[in-house]
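Colleague:
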Amino acid sequence: MPYLEYILAMGNFEYSIEAHNLRKDFSVSESGKGMMGAVKALFSSKKRAVHAVESVSFSIKPGEFVGYVGENGAGKSTTIKILTGILVPTSGEAKVNGIIPYENRRANGMNIGVVFGQRTQLWWDLPVRETYEMLRHIYRIPQDTYADMMKKLSASLDLGPLMDMPVRKLSLGQRMRCDIAASLVHRPQVLFLDEPTIGLDVLAKENIRTFLKEMNRTEGTTIILTTHDMNDIEQLCKRLIILDKGRVIYDGATEDLKSRFVHDKIMEVEFHERVETLVGIPEVVVVSSSGNKMRLKFQNGNSGIADAISRLASLYSIKDISVREPSVESIIYSIYEKTTLLPKYKDKG
Amino acid sequence: MNPSTFIKFASVSFQKQVTYRFDYFVSVLNGFLYVFIFTSVWKVIFAKSGASGGFTAESITTYAVMAMVIRISFSMEDTAIANKVRDGSVAIDLIRPVSFYMMNLAECVGYSAFHILARGIPILIVSALLFGVHLPLEKLPVAALSLTMAYLILFMLNFATGLLSFWVIEIFPFMLLKYGLINLLSGGIVPIDFFPASIRPYLALTPFQGIFYAPAAIITGHVSNERALVMIAEQVAWVAILAWMCGLLWRAGQNKLVIQGG
Ligand SMILES: Nc1ncnc2c1ncn2[C@@H]1O[C@H](COP(=O)(O)OP(=O)(O)OP(=O)(O)O)[C@@H](O)[C@H]1O
Ligand SMILES: [Mg+2]
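If you read the sequences in order, they're chains A and B.
Per my numbering, residue 7 is the first one in the first sequence, and the count goes up by one each step.
Per my numbering, residue 5 is the first one in the second sequence, and the count goes up by one each step.
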C-alpha cells in the first residue's frame, strides 16, 4: 500500500511544506579527464564536499504563495529537489502535506506539481495533447475531472493552438505554458516552480503571472516560486524567503523587506532656480545635483517625510517633486552584496 | 502501475521509435547481414566436421537464424537510464507517482515491440526463405514462456547496469563488460553445447544462457521437453533473483542519486 501513509496523513497537517534543518552535501571527486580519469575516480578517495544547502528551515501554510530567492548557487534548486522527493538530504527533515517526500516519493508525487524551468516534462517527440493524456493515466484522473481541468488550463494559458504541435517545435514561451499546464492537470495541492519565467519575454511573463495568481486564488494551491526576476516576486509572492550560501537569511512578508532593510527614501526635486546647498532641513541629505534638479536622501528621523517636504517647499521655490522607493530588486541585490543600498531606484506610481 | 498506464508508456516509446526511423533500413540490413554471416560460418564449419554438439548443418542454421532474430527483437535502449542521469532528466521521471522500474520496463517493451515488428519478423521471414528455418510448431507455447523469461532477464541486467549510473557517471566500462559476457556466454553467437563439458556446469550458474540459448534451443526443438522445462525453471529462478537484486540496488541507489543541473 504505497499510498497508505498519504491517506493517513491527509487532513492531518497544519503546514503544506515544512523544512527542518535541511542540509545537503555533495561529494565531488576530483577526477581527471576522459575514461582513465573516470576509472581512477572510482577508486580514488580524493573527494571534496560541497555544502549545497547548509541549514534550511521554514514552514509554509496551505494556500501561501512564497518566493524563494537567492544568488546563483545559493541552494534553491537543491531544496526544491529535496521537497519533491527526488533528492535525499544529508540531514534534517522535510514534510510535504504531512509526508516525507524522499521516503514516499510516489505518494508525494500524487500531491505535487513541479516545473523545472530549464527542462521540460512534456514528451519531446509527441504532440502536446499526448502529454496530457499520459498524465491522465499516470495520475489516474477521472475523465470528467480531467476534461474540466483541461478546459480551464487551455483557456487561461491559451493552449488551443499548441495542442497538436510536436513539443520539439514549440518556442520557449509556448513550451513553458504547456509545462505549467502539465504540472497542474492533476490539481496538486502544492506547486513547485523552479524558474518558470526564465528566458521569457515581458508579455509571456505577465500572462504566466496572471495565471499563477489565479490558480493560487481559486484553487488554493500552495506555491513556492524560485526566480531571478524580482517582478515575479513583487507581483505574486506575499512572502519571501531569501537564501544565501545554503542558509535562510530572510523569511517574512515581501512588504516588510522595505521597512526592515530600507531606512532611506529618495526624493527627486526640481527647483525654479539653481540651488547650491540646502539649509534648515537636517534630515535631508543631498545625494547629487545637476542644474535645477537635485536628488535628496531622506533619513527617517522623528518627523515624517511629509513634514520635511512641507518645510522644503516653504524655504525653496519648487517646480516638481517625486518620492521614490527602492525596488525589491535593489533591496535584494544589496542584501546579496551586503552593501548599503545602491542608488538604483524605481518609480513608485 | 496499472495496465493502462503501462500500455500508454509502451506505446509512447513505440511511437518514438517510429518517429526516428531514418536509420531503420540500415538496421534491418545490418541485422540481416549478421544472420547471413553466422549461417555462412556455421555452414563452412559443419561442411568440414559434420554433425557436432547435437546439431546438424540444418539445425545449426535454424538455431543461428533464431538466435539472431531473438537478439534483434530484444533490442533495448540500454543506455537510457545512464543518459537521463547524466543530463538530469531523470528528475522528470522521478517526480511522477509511478514505479521507476515498471516505467522503464514499459518503455523497454514499447521499444522492443517496434524492433520485433519492424526488424525481427521481416528478417525472420527473409532468412526462412533464403536459408531454410525449421520450427516445430508444437514447441511454440513453451518457447513463448521461455522468451518472456529471457526478455525479463535481459531487461533486468540492463536495468541494473543502468542503475550503476546513480553511483558513477561513466558506466561505459560496465557496459563493455556486460556486452562481453552476453556475447560470449548467452548462446547468442555460439550455442552453449559447443563449450567444453567441464565449464558448462559453471555457465549454468550464470543468468546468461537464459537470455538467448534457452529460448533459441527450445523454439528450434534442439532440446527435449523435459530439458526445456528445467531450462525455464532456471530462467524463472533468475528472474526472481535479478528482480530482488534490482530492488536492493534501486533502494540503495535512491540515496546516492544526484540529480544534475537546475
Ligand atoms: N550534483 C551536484 N554535485 C556537486 N555540487 C552540486 C550539485 N548540484 C548542485 N551543486 C552545488 O550546490 C550549490 C547549490 O546549487 P543549486 O542548484 O541548488 O543552486 P541554485 O540556488 O538553484 O542556483 P541557480 O540560481 O543558479 O539555479 C552550488 O554551489 C552547486 O554548485
Ligand atoms: Mg537553480
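Idealized CB from N, CA, C, for every residue including glycine.
1) Would you identify the three-state DSSP class for F78/B, choosing helix, strand or coil?
2) Please confirm whether L197/A and I239/A have their CB atoms less than 8 Å apart.
3) Would you say I92/A faces chain B, with C-beta separation under 8 Å as the test?
4) Could you please give the first and the last residue of the uninterrupted beta strand (DSSP E) stretch that includes I204/A?
5) Excluding the 5 residues preceding and the 5 following A95/B in the sequence, name in chain order all residues of the same chain whose CB lies nearer than 7 Å to its CB.
6) Give the straight-line distance between the Cα atoms of D131/A and Y21/A, rounded to the nearest whole angstrom.
7) Just to confirm, does V196/A get its C-beta within under 7 Å of one of the non-hydrogen atoms of ligand 1?
8) Sorry if obvious, but does the Cβ on G119/A come closer than 7 Å to a heavy atom of ligand 2?
9) Let's see if you can read the secondary structure: which residues bound the beta strand (DSSP E) around D326/A?
10) Are any of the Cβ atoms in chain B nearer than 8 Å to that of G355/A?
11) Less than 7 Å between the CB of D91/B and some heavy atom of ligand 2, yes or no?
12) Grab me the residues of H138/B's own chain with a C-beta within less than 6 Å of its C-beta, minus the 5 sequence neighbours each way, in chain order.
13) Which stretch, first to last residue, makes up the beta strand (DSSP E) that contains M300/A?
14) Can you tell which of S295/A, V75/A, N103/A, I287/A has the C-alpha that lies nearest to the C-alpha of G252/A?
15) D270/A: which of E220/A, R245/A, V329/A, E109/A sits nearest, CA to CA?
16) Check whether the Cβ atoms of R142/A and V191/A sit closer than 8 Å, and answer yes or no.
17) Quick one: which residues of the region 143-168 of chain A get their C-beta closer than 9 Å to a C-beta of chain B? List them in chain order.
18) Under a CB-based cut-off of 8 Å, is L98/B close to chain A?
19) Within a Cβ cutoff of 6 Å, which residues of the same chain sit near G192/B, ignoring the five residues on either side of it in sequence?
20) Could you please give me the residues that DSSP links to T232/A through a beta bridge?
21) Run the CB neighbour count on R100/B, radius 10 Å, all protein chains shown included, and call it buried at 16 or more, exposed below.
22) So T260/A and G73/A are in contact, right, with Cβ under 8 Å, and what is the actual spacing, rounded?
23) Given the structure, does K82/A come close to ligand 2, in the sense that its CB is under 7 Å from one of the ligand's heavy atoms?
24) So with CB distances below 8 Å, who are the chain B contacts of K87/A?
Modeller: So, from the listed chains and residues:
1) Sequence index remark: in the second sequence, residue 78/B carries index 74 (1-based). In the structure shown, F78/B sits in coil (DSSP, three-state: anything other than H, G, I, E or B).
2) Position 191 of the first sequence, counting from 1, holds the residue named residue 197/A. Position 233 of the first sequence, counting from 1, holds the residue named residue 239/A. Cβ atoms of L197/A and I239/A: not closer than 8 Å.
3) Working through the first sequence from its first residue, we reach residue 92/A at position 86. With 8 Å as the cut-off, I92/A counts as an interface residue toward chain B.
4) In the first sequence, residue 204/A corresponds to position 198, counting from 1. Neither: I204/A is in no beta strand (DSSP E) and is coded neither H nor E.
5) Along the second sequence, one-based indexing puts residue 95/B at 91. By the criterion of a C-beta distance shorter than 7 Å, A95/B is surrounded in its chain by I263, once the five residues flanking it on both sides are discounted.
6) In the first sequence, residue 131/A corresponds to position 125, counting from 1. In the first sequence, residue 21/A corresponds to position 15, counting from 1. When rounded, the distance between both Cα atoms is 38 Å.
7) Position 190 of the first sequence, counted from the start, is the residue given in the question as residue 196/A. Outside the cutoff, so no.
8) Residue mapping note: residue 119/A aligns to position 113 of the first sequence, counting from 1. Because no heavy atom of ligand 2 lies under 7 Å away, the Cβ of G119/A does not count as near it: no.
9) The sequence position of residue 326/A within the first sequence is 320, counting from 1. Taken as a continuous stretch (DSSP letters only), the beta strand (DSSP E) holding D326/A covers 324-332.
10) Counting from 1 along the first sequence, the entry for residue 355/A is found at position 349. The pLDDT assigned to G355/A is 32, lower than 50, so where the model puts this residue is not dependable; a value taken from the coordinates is nonetheless given after this. Not a single C-beta of chain B is nearer than 8 Å to the C-beta of G355/A.
11) As a first step, residue 91/B is located in the second sequence; it is residue number 87 there, counting from the start. Taking non-hydrogen atoms of ligand 2 into account, the C-beta of D91/B is found less than 7 Å away from none of them.
12) Sequence index remark: in the second sequence, residue 138/B carries index 134 (1-based). For H138/B, where only same-chain residues beyond five positions count, the Cβ hits under 6 Å are T66.
13) Numbered from 1 along the first sequence, position 294 holds the residue referred to as residue 300/A. 299-305 is the span of the beta strand (DSSP E), which, as asked, contains M300/A.
14) Here the question's residue 252/A lines up with position 246 in the first sequence. Among S295/A, V75/A, N103/A, I287/A, the Cα nearest to that of G252/A is on V75/A.
15) Against the first sequence, residue 270/A aligns to sequence position 264. With distances taken between Cα atoms, D270/A lies closest to V329/A.
16) In the first sequence, residue 142/A corresponds to position 136, counting from 1. In the first sequence, residue 191/A corresponds to position 185, counting from 1. Taking 8 Å as the Cβ cut-off, R142/A and V191/A qualify as a contacting pair.
17) Of all residues in the region 143-168 of chain A, H143, I144, Y145, R146 have a Cβ within less than 9 Å of some Cβ in chain B.
18) As a working mapping, residue 98/B is identified with position 94 in the second sequence. When Cβ-Cβ separations below 8 Å define contact, L98/B makes contact with chain A.
19) Residue mapping note: residue 192/B aligns to position 188 of the second sequence, counting from 1. Answer for G192/B: A71, R75, F216, listed in chain order.
20) Stepping through the first sequence from its first residue, residue 232/A is reached at position 226. Answer is Y74/A, D200/A.
21) For the purposes of this step, residue 100/B is taken as residue 96 along the second sequence, with counting starting at 1. That one is buried.
22) Position 254 of the first sequence, counted from the start, is the residue given in the question as residue 260/A. Position 67 of the first sequence, counted from the start, is the residue given in the question as residue 73/A. Here T260/A really is in contact with G73/A; their C-beta atoms are around 7 Å apart, less than 8 Å.
23) Counted from its first residue, the first sequence places residue 82/A at position 76. True, at least one ligand heavy atom lies under 7 Å from that Cβ.
24) Reading the first sequence from its first residue, position 81 is the one you call residue 87/A. Near K87/A (Cβ distances below 8 Å), the residues of chain B are A95, I263, G266.
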